[in-house]
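Q:
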Amino acid sequence: MLQTYRLGIDIGSTTLKVALLDNSNRLLFFDYRRHNANIRLAALQTFKSLIERMGDCNLQIVMTGSVGMGFAERIGCRFQQEVVAAAKTIETLYPDVSTFIDIGGEDSKMIFFEKNKVPDIRMNGSCAGGTGAFIDQTATLLGIETIELDRLATNATTIYPIASRCGVFSKTDIQNLIAKKVSKADIAASVFHAVATQVIGSLARGMDISPKLFFCGGPFAFLPQLRKSFLNILKLTEEDCIIPQNAQIIPAIGCALLASDMSEILHENQSQDSSSKKASEIMQQINSYTQLNNDFALRAAPLFNSETEYNNWLQKKKQNHVKRGVFSPNDNYFLGVDSGSTTTKIVLLNQQSELVYSDYQHNNGDSFRTFADAMKRMQDYIAHNTNCNTINITASCATGYGESLLKTAFSLDFGIVETMAHFMAAKKTIPDLSFVLDIGGQDMKAIWVNNGSIRRIEINEACSSGCGSFIETFAQQLGYNIDEFAQMACFAKHPCDLGTRCTVFMNSKVKQAMREGAPVEDIAAGFSYSVVKNCLYKVLKLKNTDELGKRIAVQGGTMKNHSVVRAIEKLTGCEVTFTDIAELMGAYGAALYALNHYNQ
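Have a look at this one:
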């Protein structure tokens, strides 16, 4: 007769965790891995490892997690709410705990325990502040792995204020610190301090956080300096804490403990209950996992019906390319630079308005150094790839976030408002345009045009839900780079309807799609639709697409993603035009401004 064990499974928004216990509550096997939205594959890999370690044993399973419900229904096991599972672990294995603090990928929790009272459970699932995702985004901004933040924080000397209430606003604070040459060590420690402040302030709400404390979740397990930040704010010491060996799998352990009820029934009946299944049988069920919700009538239309349609569409769009030129020793050249909040773009035009050189780089918070490096690369390119030893930059112009800094530091001739730069670039490529939409990483600009003149301008800088970072952030959370994510979206069969909400609240829609087994490409296409819907209807409050006219130009780095451009066409019913330098149009407009002033 096969041995029966209790297995707890926790499938969260970013990770899959399992814990296997025997009847004495000994942990025999555990696993923790990122699923990158492919939960089926991650689950199969976990069960393969389990069988290799324990053999094809009988399992009593209880499942939890924000994505766990759909899988629980599919394999026919019991589902339990995550905080209930965590509370079970504390009450069974750690009865001395008074306060439980958990930080997950996209939520945080706090539980207060008192004798002879029901545990007081507090959750924060509607804001990215104070979560693992917030910490991951910081690491991305600094260009390091998340685990490296902990090592850096040990050498910090100063804590700086960071707005942890929202991931969008925090980016600005962090980028400003980077620009001011604040050390990565101080930024890492400041982020941990911000997370601790946010969690304590939003969840304690009048309750005393008293020892002993129990820290739970992957961030606490892998980032000891984060735990230290909590203790510093609470004025407590390590002796006031219980630090479990496997903090990242506490809810999974709780699920395994909750399965004890089933195990007792099995023991009393001395026979295999229908709720007990062999590990190999569960693997077969997972392997045949199909989407639970097949009501595709509720899904959005595919962006492209076939690869042939996509290729034909792309070929047609290529007809609107910016003219290229070559370097000539006797020509005059005009430099345009767009120093944005996240990237720096430069464009060099000759006197015939032809593009002869361009550069696009992430500035990592240091627009000064990025521009200086870009100019050095241009100089090297001219020296090694042209017949010109030197060129004459007759006039130069800056625009964007770092306009004033670069204009002053490098003695550039002109500065121009960013919206005007984008308008000039669009008008150059489409003289009869009616509407310009520029979507960057963290902002959006919309320009209505009538008879070649600007009629109305709308700018959005307070929310990322209609911007490129909206898609990029989720792509990274699901384990893909933005180019892969956008390309997958183009060929999705049944794009998910993710609605038109804030980046933070979009998490619930994504989790629902993942629970239903939606493939990643359908989720990716859903994001393309959502970023456009958010932009047109939530930010611009568009009532009728006729307001946009018949000649729509789109530009900005986000428009390099063909899935977003196609979503605009699908939602407006209008043909959209973009150039082959969509991400450089601000710099292109600045260069045109410098050229126009020279001609005048």
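The number in my numbering is simply the position in the sequence shown, starting from 1, with 72 added.
Quick reminder that beta carbons are idealized off the backbone N, C-alpha and C, glycines included.
Using the beta-carbon count (16 or more within 10 Å), is Ala115 buried or exposed?
A: Ala115 should be labelled buried.
Q: Against chain B, with Cβ distances strictly below 8 Å, would Ala351 count as a contact?
A: The structure shown contains no chain B; it is built from a single protein chain.
Q: So within the segment 218 to 256, which uninterrupted alpha helix (DSSP H) runs reach at least 4 residues, ignoring any that extend past its ends?
A: 218 to 225 and 239 to 251, all fully within the segment 218 to 256.
Q: Just verifying my parser: in three-state terms, what is the DSSP assignment at Asp431?
A: Correct three-state label for Asp431: strand.
Q: Under 8 Å between the Cβ atoms of Thr471 and Ile454?
A: Taking 8 Å as the Cβ cut-off, Thr471 and Ile454 do not qualify as a contacting pair.
Q: Compare the beta carbon distance of Phe101 and Met135 with 8 Å and say whether it is the shorter of the two.
A: No, they are not a contact pair.
Q: Roughly how many angstroms separate the alpha carbons of Ser335 and Leu79, rounded to a whole number?
A: In this prediction, Ser335 has a pLDDT of 48, which is less than 50 and means its spatial position is unreliable; what the coordinates show is noted afterwards. Looking at the two C-alpha atoms, the distance is approximately 11 Å.
Q: Am I right that Leu478 and Val409 are in contact with their C-beta atoms under 8 Å? What's the rounded C-beta distance?
A: That pair is a contact at about 6 Å.
Q: So Asn196 and Ser180 are supposed to be a Cβ contact under 8 Å. How far apart are they, rounded?
A: Correct: roughly 5 Å between the Cβ atoms.
Q: What is the rounded straight-line gap between the Cα of Ala493 and the Cα of Gly589?
A: For Ala493 and Gly589, the distance between alpha carbons rounds to 44 Å.
Q: Anyone know if the C-beta pair for Ile175 and Thr203 falls short of 8 Å?
A: Closer than 8 Å, so yes.
Q: What does the alpha-carbon distance come out to for the pair Asn459 and Ala481?
A: Taking the straight line joining both Cα atoms gives about 30 Å.
Q: With DSSP as the reference, please indicate the residues paired to Val508 in a beta bridge.
A: Val508 is bridged to Ile519 and Ala625.
Q: How about Cys568 and Arg371: are their beta carbons less than 8 Å apart?
A: Yes.
Q: When the Cβ atoms of the segment 374 to 385 are set against those of the segment 437 to 454, are three or more pairs found closer than 8 Å?
A: Cβ pair count under 8 Å is below three, so no.
Q: For the beta strand (DSSP E) that Cys469 lies in, which residues bound it at each end?
A: Segment Asn464 to Thr471, the beta strand (DSSP E) holding Cys469.
Q: Buried or exposed for Ala158, please, with buried defined as at least 16 other CB atoms from any protein chain shown within 10 angstroms of its CB.
A: It counts as buried.
Q: Give the straight-line distance between the Cα atoms of Val636 and Leu249, rounded to the nearest whole angstrom.
A: Spanning the two alpha carbons is a distance of roughly 32 Å.
Q: Would you mind reading off the limits of the beta strand (DSSP E) that contains Arg98?
A: No beta strand (DSSP E) holds Arg98; DSSP gives it neither H nor E.
Q: Taking the alpha-carbon of Asp555 as reference, which of Gly629, Asn402, Lys389 and Asn377 has the nearest alpha-carbon?
A: With distances taken between Cα atoms, Asp555 lies closest to Gly629.
Q: With H, G and I counted as helix, E and B as strand and the rest as coil, what does DSSP make of Val611?
A: Of the three classes helix, strand and coil, the one that applies to Val611 here is helix, per DSSP.
Q: How would you label Ser352, buried or exposed, when you count the other beta carbons within 10 angstroms and need 16 or more for buried?
A: It is exposed - the Cβ of Ser352 has fewer than 16 other Cβ atoms within 10 Å.
Q: Check each candidate in Thr210, His265 and Ala666 and name the one with the smallest Cα separation from Thr230.
A: Nearest of Thr210, His265 and Ala666 to Thr230, Cα basis: His265.
Q: Using the Cβ count rule (16 or more neighbours within 10 Å means buried), how would you classify Ala654?
A: With 16 or more other Cβ atoms within 10 Å, it is buried.
Q: Return helix, strand or coil for Cys313, following the three-state DSSP convention.
A: It is a strand residue.
Q: Are the beta-carbon atoms belonging to Lys417 and Leu656 less than 8 Å from one another?
A: Taking 8 Å as the Cβ cut-off, Lys417 and Leu656 qualify as a contacting pair.
Q: Compute the distance between the beta-carbons of Ala144 and Ala328, then report whether it is under 8 Å.
A: In this structure, Ala328 does not lie closer than 8 Å to Ala144 by Cβ.
Q: Within 10 angstroms of its Cβ, does Tyr670 collect 16 or more other Cβ (buried), or is it exposed?
A: Burial call: exposed.
Q: Count the other CB atoms within 10 Å of the CB of Met450; is the residue buried (16 or more) or exposed (fewer)?
A: With 16 or more Cβ atoms within 10 Å of its Cβ, Met450 is classed as buried.
Q: Could you please give me the residues that DSSP links to Gln132 through a beta bridge?
A: DSSP output for Gln132 lists Arg78 as bridge partner(s).
Q: What does the alpha-carbon distance come out to for the pair Leu122 and Pro316?
A: C-alpha separation (whole angstroms): 22 Å.
Q: I'd like the span of the alpha helix (DSSP H) that includes Cys327, first residue to last.
A: Note, Cys327: alpha helix (DSSP H), Ile322 to Leu330.
Q: Taking the continuous beta strand (DSSP E) assigned at Met631, which residues delimit it?
A: Unbroken run through Met631: none, as it is neither H nor E.
Q: Rounded to whole angstroms, what is the Cα-Cα separation between Glu619 and Cys149?
A: The straight-line gap from Cα to Cα measures roughly 53 Å.
Q: Taking the alpha-carbon positions, what's the Cys129 to Gln75 distance?
A: Approximately 6 Å between the Cα atoms of the pair.
Q: Please state whether DSSP places Tyr104 in a helix, a strand or coil.
A: Three-state result, Tyr104: strand.
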